[in-house]
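Asks: In my numbering, the protein residues as written are 20 to 401.
1) Pick from 353, 136, 106, 153: whose alpha carbon is nearest that of residue 385?
2) Give the range of the beta strand (DSSP E) segment to which residue 299 is assigned.
3) Rounding to the nearest angstrom, what Cα-Cα distance links residue 254 and residue 136 in this structure?
4) Please list, in chain order, all residues of the same chain as residue 393 whose beta carbon is under 6 Å from its beta carbon, the five residues on each side excluded.
5) What's the C-alpha gap between residue 308 and residue 382?
6) What residues are listed by DSSP as bridge partners for residue 150?
7) Can you tell me the Cα-Cα spacing of residue 264 and residue 256, whole angstroms?
8) With DSSP collapsed to three states, give me the class of residue 235.
9) Going by alpha carbons, who is nearest to residue 122 out of 156, 259, 130, 112?
10) Distance, Cα to Cα, residue 212 vs residue 225?
11) Find the nearest neighbour of residue 92 within the set 46, 78, 108, 51, judged by alpha-carbon distance.
12) Going by the DSSP bridge assignment, what does residue 111 pair with across the sheet?
13) What do you get for residue 41, buried or exposed, if any count of 16 or more other CB atoms within 10 angstroms of its CB means buried?
14) For residue 370, I'd like the list of residues in its chain whose CB is within less than 7 Å of its CB, leaving aside the five on either flank, ordered along the chain.
15) Assuming residue 243 and residue 69 make a contact with CB atoms under 8 Å, what is their CB distance in whole Å?
16) Check this for me: beta carbons of residue 60 and residue 248, under 8 Å apart or not?
17) By the 10 Å Cβ neighbour count, where 16 or more other Cβ atoms means buried, how is residue 168 classified, buried or exposed?
18) Is it true that the CB of residue 297 sits closer than 8 Å to the CB of residue 317?
19) Skipping 5 residues on each side, what residues in its chain have a beta carbon closer than 8 Å to that of residue 378?
20) Taking only runs of the alpha helix (DSSP H) that begin and end inside the segment 298-368, which ones reach a length of at least 4 residues, in chain order?
21) Hey, could you find the ends of the beta strand (DSSP E) residue 89 is sitting in?
22) According to DSSP, is residue 264 part of a helix, a strand, or is it coil?
23) With 16 as the cutoff for other CB atoms within 10 Å, does residue 185 come out buried or exposed?
24) Relative to the alpha-carbon of residue 245, which residue among 83, 294, 84, 99 has its alpha-carbon at the smallest distance?
25) Buried or exposed: residue 389, going by 16 or more other Cβ atoms within 10 Å of its Cβ?
26) By the DSSP assignment, the beta strand (DSSP E) with residue 242 in it spans what residues?
27) Quick one: what does DSSP say residue 394 is sitting in, helix, strand or coil?
28) Tell me the residue span of the beta strand (DSSP E) that contains residue 388.
29) Whole angstroms is fine: what's the gap from residue 113's alpha carbon to residue 126's?
30) Shortest alpha-carbon distance to residue 360 belongs to which of 152, 231, 398, 196?
31) Using a threshold of 8 Å, state whether the C-beta atoms of residue 85 and residue 115 are closer than that.
32) Between residue 250 and residue 206, how many whole angstroms is the CB-CB distance? I'm expecting something under 8 Å.
33) In terms of DSSP beta bridges, what is residue 375 paired with?
34) My output table needs one value for residue 224: the three-state DSSP class, helix, strand or coil.
35) For residue 215, which three-state DSSP category applies?
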């Protein structure tokens, strides 16, 4: 009898190891810090009182950046070309344009990597940026000429006293005619569409805020201009590396132990069967709690063992990788990983719910030295 059970245990262990060996290794992408350059062209809208179509002008931008990590980076850009202004006084419209160069330092944030992790197969990366720099404006001759026309037509600026408050704001009270530098705040969003391993085409929208003197008028509030740009970005060197993660072979033990107990009658023997604990580790992808096809088979093995030994119960402990996310994310995720295994045992295999304990411990326990293997639900049957 003992020989038969030993052979049976050996066969089951061989089947389990054979099926596990067929599982494919998983691939994880590891971010690599890298430099990049970009060039863009588009249009600018300078906020003002005229029709929007009257205040559009050409815009261009070049830059160089460095991504320190999968989320945070920095770049130095130079945005330049033209801005426009305008006034309306007593039915008359006046327009002028001027040029500028604005070097700016930005901090960049890769929103796609923050939410979904590094994925070089992703076609679109969305990012945000925030920065500060200088706007060096020059060639304001049009505004100087408009100011001369207005004073010639309406008289000295003392004539403003007879005008409405709106008309008074249309006078060029902050007129400048030399090269002038102003601090500019800068922020916006961008989307990069991958066309090759290191080349992408991007769309960028940015808002810029300056002092009230930028458009030569005195409105009592800050001035704004907005840029819409399209262009290309080229990354230097490796932007990521592939990391192969071999699945851990589950340690399954099927073995019966016969314990003989001698009672008062020396001729009688009573056999009591003891069941050794069974452990099965069920792995998940990063930030996921959906059961993979290869892992569903393991749940079936847990159910088969519990049906063979109906006196057993199972404790399912869900865990998460400590190196990814935080407690706010990892604790609910680990609970879902435990609950999905419990749900399959109950609904698909008919295991009584009273025999199952499911708990999530977040990343408080890390049984594996390889971080990726801690995305797991550990089932212990005893």
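For every residue, glycine included, the Cβ atom is placed at its ideal position computed from N, Cα and C.
Replies: The short version:
1) Comparing Cα positions, the closest option is 353.
2) Its beta strand (DSSP E) spans residues 297-302.
3) So the alpha carbons of these two residues sit roughly 19 Å apart.
4) Taking C-beta separations shorter than 6 Å and ignoring five residues to either side along the sequence, the partners of residue 393 in its chain run 338, 340, 385, 387, following chain order.
5) If I take the Cα positions, the gap works out to 15 Å.
6) Residue 150 is bridged to 125, 205.
7) Roughly 24 Å between the two C-alpha positions.
8) For residue 235, the secondary structure class from DSSP, reduced to helix, strand or coil, is coil.
9) Here the closest residue by C-alpha is 156.
10) Each residue's alpha carbon lies about 18 Å from the other.
11) The candidate whose alpha carbon is nearest that of residue 92 is 51.
12) According to the DSSP secondary-structure assignment, residue 111 is paired through a beta bridge with 108.
13) Model confidence at residue 41 stands at a pLDDT of 48, short of 50, so the residue's coordinates are unreliable; what they give is reported in the following sentence. Sixteen is the threshold: since fewer than 16 other Cβ atoms of the shown chains lie within 10 Å of the Cβ of residue 41, the residue is exposed.
14) Answer for residue 370: 322, 325, 364, listed in chain order.
15) Taking 8 Å as the upper bound for CB-CB distance, residue 243 and residue 69 are not in contact here, some 14 Å apart.
16) Yes.
17) The residue in question, residue 168, is exposed, as its Cβ has fewer than 16 Cβ neighbours within 10 Å.
18) Not closer than 8 Å, so no.
19) If we look at residue 378 and ignore the five residues flanking it on each side, its Cβ neighbours are 334, 335, 336, 337, 354, 357.
20) Counting only runs of 4 or more, we get 312-327, 346-366.
21) The continuous stretches of beta strand (DSSP E) do not include residue 89, and DSSP gives it neither H nor E.
22) Note: residue 264 maps to strand in three-state DSSP.
23) By the 10 Å Cβ count, residue 185 comes out exposed.
24) Out of 83, 294, 84, 99, the CA that lies nearest to the CA of residue 245 is found in 99.
25) It is exposed - the Cβ of residue 389 has fewer than 16 other Cβ atoms within 10 Å.
26) Where residue 242 is concerned, the enclosing beta strand (DSSP E) stretches over 242-254.
27) Three-state DSSP puts residue 394 in coil, outside helix and strand.
28) Counting along the chain, residue 388 falls outside any beta strand (DSSP E), and DSSP gives it neither H nor E.
29) When rounded, the distance between both Cα atoms is 38 Å.
30) Nearest C-alpha to residue 360: 398.
31) Judged by beta-carbon spacing, residue 115 lies beyond the 8 Å limit of residue 85, meaning their Cβ atoms are not closer than that value.
32) Incorrect: roughly 18 Å between the Cβ atoms, too far for contact.
33) For residue 375, which the question treats as bridged, DSSP gives the partners 333.
34) Reduced to three states, the DSSP call for residue 224 is strand.
35) Coil, per DSSP.
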